[in-house]
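K.L.:
Those protein sequence lines, which keep their order, are chains Z and D. Position in the first sequence (first residue = 1) + 231 = the working numbering. Position in the second sequence (first residue = 1) + 231 = the working numbering. We treat Cβ as the ideally placed atom computed from N, Cα and C, and that holds for glycine. Here you go, one structure.
2 protein chains.
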Amino acid sequence: MTASVHDGGDDEGAAGTAAPSGPFVRRASPTRDDVARLAGVSPAVVSYVLNDGPKPVSAGKRERVEEAVAALGYRPDARARSLRLGRTHAIGLIVPDAANPFFAELAQAIERAAAPHGLAVLMGTTADDPAKEAKYLEDLAERRVDGLILISSRSDQDLSPATTLAVPVVVMDRTPDDLPISTIAFDNVGGAAIATRHLLEHGHRTVHFVAGPREVAVSGRRIDGWRAALEEAGLPTPRPTHTPFTYEGGRTAARQLFARRHPPAAVVVSSDVQAIGVVSASAELGLRIPDDLALVSVDGTRAAAFANPGITTLSQPIEQMATQAVTTILARGGDPVHVVICGALTIRRSCGC
Amino acid sequence: MTASVHDGGDDEGAAGTAAPSGPFVRRASPTRDDVARLAGVSPAVVSYVLNDGPKPVSAGKRERVEEAVAALGYRPDARARSLRLGRTHAIGLIVPDAANPFFAELAQAIERAAAPHGLAVLMGTTADDPAKEAKYLEDLAERRVDGLILISSRSDQDLSPATTLAVPVVVMDRTPDDLPISTIAFDNVGGAAIATRHLLEHGHRTVHFVAGPREVAVSGRRIDGWRAALEEAGLPTPRPTHTPFTYEGGRTAARQLFARRHPPAAVVVSSDVQAIGVVSASAELGLRIPDDLALVSVDGTRAAAFANPGITTLSQPIEQMATQAVTTILARGGDPVHVVICGALTIRRSCGC
DNA sequence: TTGAAAGCGATACCAG
DNA sequence: CTGGTATCGCTTTCAA
């Protein structure tokens, strides 16, 4: 891999026709006062025109202002505006891993839900690192975002800093019920139970579980659901395999599982990324899915749909969750709200149907 | 799928011990003046303490200020700070599709590269819609981001608005050489050629191409590379199959390809997402990769590594590109720079090796 | 219909 | 050392 650098100055330096004020001169942004001066009106009038109020402006001056705005390429400074108006028209979004298809789809859904309200999204990823999470929390609070959507991996206890933030916060993907913060959570317990039962209905008597890291809250919830389904069927629960929420994590888990004396014939995987890793590793080991290993996962991302074979997955209603989150943020000031959303099984080939 | 809403007020209203000043009272953020008042010093001194300068402060007052800051949970307002200081410590990032693994990985790499410089990332996705792109461009310019990384799908012509932005812009993933904007581009032509040649070396005499949408610039570049490799081998070039840069696009393309009288035995796919779609669709059609269809794609995402079978792909050095982009942004003011970065083939099973 | 001026919350100069 | 105060760019009230 090589990189070649051409300095554009050579080619363009002589011509200099494109840019209005000479080549590559980055002018400081014009201010409203500049516009006023050029239009021969007072700064206030410029505001009246741009905001279409609160005072009327004569047609003549209005036109002069509009011309000046165009001539200068004037754009009002959102910071100054926000300082005066009190709102930033931005929300913060903190996710553990933007490259995980689930969070990627969720983030995009949130952006789509936010855009109609004129809200931009400031995103940060934490890699499950509490220090990074705290840093982003502080940074976004200082930027005075209008709201904050936090997908935290921390334990309920550690979440309290988010309480004191003077910014409306909604925590997704988990439920610290005891904190005065709004939550919108997926029914992880119920979801994992449904996934597990589906495998049981196929006649499997032993269903293993590939879990996330121990520290991550959702991971525990999904284990609970799996265990509940097994117990309700009067079956023993094997030890879950803990592994990161990544492709690699899934691969590692699969290798461990198949290295055993009695390799599993059915497994619930706690996320789509991991499931894709399991599928990939299984293929490399010469095992066929679903024949040698039946598999169901949780998330419902598009990536699971296009795995080979397609992965049966308990779909989280991502759009709905995103909309709920944004709605909750916009309902600032009200008492905290706790929403629990359930999923539905999307059946594909990996489970043996 | 159902959603149940519990109003947290019921459970928590009575207790109200957690939050310092009563349950759910969202105080407005304290200002520096509040801190000064509480500490019994002037506002200026608060600044001196917080910024550790420019003037020295006596130990006593310093401590009083620090106590007041802690007591109030004071966080300086980044907007006001930025207005005064001239920098926002944020960069904008405009991508076509954050759920596309390539852009997801690139975005995350950019965030990682930006964080050490204290830069937050404001991300927007455009879905290849020029109107959305323009909207984000304006919005980010108004927010006065310190720089803007644009992954545009527009033709070179349409990019000129980005020139007048008064914000340092770097365009990635394509190269409008004629505009006074920095670019950091992947060698799409060379890359596609390498991918194609690899298939030719395997003895294939007909190599098809699954391209992106006609309007998207990179798509054309990659077609050029593929065509060049074929011509250089004295082979004819079939008509490329145009399809969106998505999983679904890949599936559609595969179905079209295999519906032909003479289905292809070798294909270069212009992105990893599409390639995963092709692999998935092929499996559904009962075709084996690489035996029935040898496949090479371009991008080098982790998703391609974990496809089944693993996809041979021309890897873009994502980290390096991200670092370059951030570095270029930080070198604000200099003449535009054009960087071209080449990739390397990552060989997996899909090509028949 | 227009404009002067008071903030919004911070920084840093200039005087004490 | 400490503290007024002008300033960043904008909105909006109040007075003309």
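#1: Using the beta-carbon count (16 or more within 10 Å), is D308 of chain D buried or exposed?
#2: Who are the Cβ neighbours of G421 of chain D in its own chain at under 7 Å, not counting the five residues just before and after it?
#3: Keeping to the same chain, check which residues put their C-beta closer than 7 Å to that of T595 of chain D; ignore five residues upstream and five downstream.
#4: Count Cβ pairs between the region 514-532 of chain Z and the region 544-563 of chain Z that sit closer than 8 Å; are there 3 or more?
#5: Taking beta-carbon pairs under 8 Å, can you tell me which members of the region 530-541 of chain Z lie near chain D?
#6: Nearest-angstrom Cα distance between T554 of chain D and A393 of chain D?
#7: Could you pull out every residue in the same chain whose Cβ sits closer than 7 Å to the Cβ of E364 of chain Z, ignoring the five residues on either side in sequence?
#8: To the nearest angstrom, how far is the alpha carbon of A329 of chain Z from that of E336 of chain D?
#9: I believe A464 of chain Z touches L431 of chain Z by the beta-carbon criterion, under 8 Å. Please report the beta-carbon distance rounded to the nearest angstrom.
#10: Starting from G508 of chain D, find everything on chain Z with Cβ-Cβ shorter than 9 Å and list it in chain order.
#11: Compare the C-beta of L576 of chain D against all C-beta atoms of chain Z and say whether one is closer than 8 Å.
#12: Thinking D377 of chain D and A321 of chain D are a contact (beta carbons under 8 Å), I'd like their distance in whole angstroms, please.
#13: Is the CB of Q339 of chain Z under 8 Å away from at least one CB in chain D?
#14: Counting only C-beta atoms, is R453 of chain Z closer than 8 Å to chain D at any point?
#15: I want to see whether chain D comes within less than 8 Å of R263 of chain Z, judged by CB atoms only; does it?
#16: Give me the Cα-Cα distance between V568 of chain Z and I412 of chain Z, rounded to the nearest whole angstrom.
#17: Please list the partners that V352 of chain Z has in chain D, where partner means a Cβ-to-Cβ separation under 9 Å.
#18: Counting Cβ pairs, one atom from each stretch, are 3 or more of them under 8 Å apart for the region 294-313 of chain Z and the region 290-303 of chain D?
#19: Under 8 Å: do the region 393-402 of chain Z and the region 368-377 of chain D share three or more Cβ pairs, one atom per stretch?
#20: Any heavy atom of the ligand MN closer than 7 Å to the Cβ of V300 of chain Z?
#21: On the premise that A535 of chain Z lies in contact with I341 of chain Z, defined as a C-beta separation below 8 Å, what is that separation, rounded to the nearest angstrom?
#22: Restricting to Cα atoms, I'd like to know which of D:G284, D:R312, D:G443, D:Q505 is closest to V263 of chain D.
#23: Which partner residues of T356 of chain D appear in the DSSP bridge assignment?
#24: Name the DSSP beta bridge partners of S528 of chain D, please?
#25: Are P327 of chain D and V504 of chain D touching if we call contact CB-CB under 8 Å?
#26: On the three-state DSSP scale, how would you describe F440 of chain Z?
#27: Check for me: the alpha helix (DSSP H) holding L281 of chain Z runs from which residue to which?
#28: Out of Z:R436, Z:F476, Z:A460, point me to the one whose CA is closest to V447 of chain Z's CA.
#29: Using a Cβ-Cβ cut-off of 6 Å (strictly less than) and excluding sequence neighbours within five positions of V280 of chain D, which residues of its own chain qualify?
#30: Name, in chain order, the residues that DSSP records as bridge partners for I382 of chain Z.
#31: State the Cα-Cα distance for the pair G480 of chain D and G508 of chain D, rounded to the nearest angstrom.
#32: So L390 of chain D and V401 of chain D are supposed to be a Cβ contact under 8 Å. How far apart are they, rounded?
#33: For P347 of chain Z, is the classification buried or exposed, using 16 other Cβ atoms within 10 angstroms of its Cβ as the cut-off for buried?
#34: Cα-Cα, which of Z:P495, Z:L371, Z:H493, Z:A496 is closest to R306 of chain D?
#35: Looking only at its chain, what residues have a beta carbon closer than 6 Å to the beta carbon of D418 of chain D, apart from the 5 residues adjacent to it on each side?
#36: Here's a check: name, in chain order, each residue in its chain whose Cβ is nearer than 6 Å to the Cβ of P399 of chain D, leaving out the five neighbours to either side.
P.N.:
Let's see:
#1: By one-based count along the second sequence, residue 308 of chain D stands at place 77. The residue is buried, with at least 16 neighbouring Cβ atoms inside 10 Å.
#2: Position 190 of the second sequence, counted from the start, is the residue given in the question as residue 421 of chain D. Correct list, in chain order: G456, C573.
#3: Residue 595 of chain D lies beyond the range of chain D shown here (232 to 584); nothing can be said about it.
#4: yes
#5: R533, A534, A536, F537, A538, N539, P540, G541
#6: Here residue 554 of chain D refers to the residue found at position 323 of the second sequence. Here residue 393 of chain D refers to the residue found at position 162 of the second sequence. Approximately 21 Å between the Cα atoms of the pair.
#7: If you number the first sequence from 1, residue 364 of chain Z lands on position 133. So the qualifying residues of the chain are I325, T357, S383, R385.
#8: Stepping through the first sequence from its first residue, residue 329 of chain Z is reached at position 98. Stepping through the second sequence from its first residue, residue 336 of chain D is reached at position 105. Answer to the nearest angstrom: the Cα atoms are 8 Å apart.
#9: For this step, residue 464 of chain Z is matched to residue 233 along the first sequence. For this step, residue 431 of chain Z is matched to residue 200 along the first sequence. Going by Cβ atoms, the distance from A464 of chain Z to L431 of chain Z rounds to 5 Å, so yes, they are a contact pair.
#10: Residue numbering aside, residue 508 of chain D sits at position 277 when the second sequence is read from its first letter. Those within 9 Å of G508 of chain D in chain Z are F537.
#11: By 1-based counting over the second sequence, the position of residue 576 of chain D is 345. Taking Cβ atoms only, chain Z never reaches closer than 8 Å to L576 of chain D, which makes this a no.
#12: If you number the second sequence from 1, residue 377 of chain D lands on position 146. If you number the second sequence from 1, residue 321 of chain D lands on position 90. Between A321 of chain D and D377 of chain D the Cβ distance is about 6 Å, and since that is below 8 Å, they are a contact.
#13: Walking along the first sequence from the start, residue 339 of chain Z turns up at place 108. Yes - at least one Cβ of chain D is within 8 Å of the one on Q339 of chain Z.
#14: Mapped onto the first sequence, residue 453 of chain Z falls at position 222. No - not a single Cβ of chain D is within 8 Å of the one on R453 of chain Z.
#15: Counting from 1 along the first sequence, the entry for residue 263 of chain Z is found at position 32. Taking Cβ atoms only, chain D never reaches closer than 8 Å to R263 of chain Z, which makes this a no.
#16: Within the first sequence, the letter at position 337 stands for residue 568 of chain Z. Within the first sequence, the letter at position 181 stands for residue 412 of chain Z. Cα to Cα, the separation comes out at about 7 Å.
#17: On the first sequence, position 121 is the one that residue 352 of chain Z refers to. Those are L353, M354, G355, listed as they occur along chain D.
#18: no
#19: no
#20: Summarising the ligand content, the structure contains no ligands, and the ligand MN is consequently not present.
#21: For the purposes of this step, residue 341 of chain Z is taken as the residue at position 110 of the first sequence. For the purposes of this step, residue 535 of chain Z is taken as the residue at position 304 of the first sequence. Incorrect: roughly 20 Å between the Cβ atoms, too far for contact.
#22: Numbered from its first residue, the second sequence carries residue 263 of chain D at position 32. The question names Val, but residue 263 of chain D is Arg in the sequence shown. Selected option, being the one with the closest Cα: D:R312.
#23: Sequence index remark: in the second sequence, residue 356 of chain D carries index 125 (1-based). DSSP lists D:V326 as partners of T356 of chain D.
#24: Here residue 528 of chain D refers to the residue found at position 297 of the second sequence. Partner(s): D:V500, D:T544.
#25: Here the question's residue 327 of chain D lines up with position 96 in the second sequence. Here the question's residue 504 of chain D lines up with position 273 in the second sequence. Their beta carbons are not under 8 Å apart, which means P327 of chain D does not touch V504 of chain D by this criterion.
#26: Your numbering for residue 440 of chain Z matches position 209 in the first sequence. Strand, per DSSP.
#27: Translated into the one-based positions of the first sequence, residue 281 of chain Z becomes position 50. Residues 274-282.
#28: Locating residue 447 of chain Z in the first sequence gives position 216, where the first residue counts as 1. It is Z:F476.
#29: On the second sequence, residue 280 of chain D is found 49 positions in, with the first residue counted as 1. Here the set comprises V288, R293, V296.
#30: Taking the first sequence and counting its residues from 1, one reaches residue 382 of chain Z at position 151. Per DSSP, Z:M403.
#31: The residue given as residue 480 of chain D occupies position 249 in the second sequence. The residue given as residue 508 of chain D occupies position 277 in the second sequence. Taking the straight line from one Cα to the other gives about 7 Å.
#32: Here residue 390 of chain D is taken as the residue at index 159 of the second sequence, counted from 1. Here residue 401 of chain D is taken as the residue at index 170 of the second sequence, counted from 1. Their Cβ separation, rounded to whole angstroms, is 12 Å, which puts L390 of chain D and V401 of chain D out of contact at 8 Å.
#33: Start at 1 with the first residue of the first sequence, and residue 347 of chain Z comes out as number 116. It is exposed - the Cβ of P347 of chain Z has fewer than 16 other Cβ atoms within 10 Å.
#34: Numbered from 1 along the second sequence, position 75 holds the residue referred to as residue 306 of chain D. For R306 of chain D, the nearest C-alpha among the options comes from Z:L371.
#35: For this step, residue 418 of chain D is matched to residue 187 along the second sequence. Same-chain partners within the cutoff: V571, C573.
#36: For the purposes of this step, residue 399 of chain D is taken as residue 168 along the second sequence, with counting starting at 1. G378, I560, R563, listed in sequence order.
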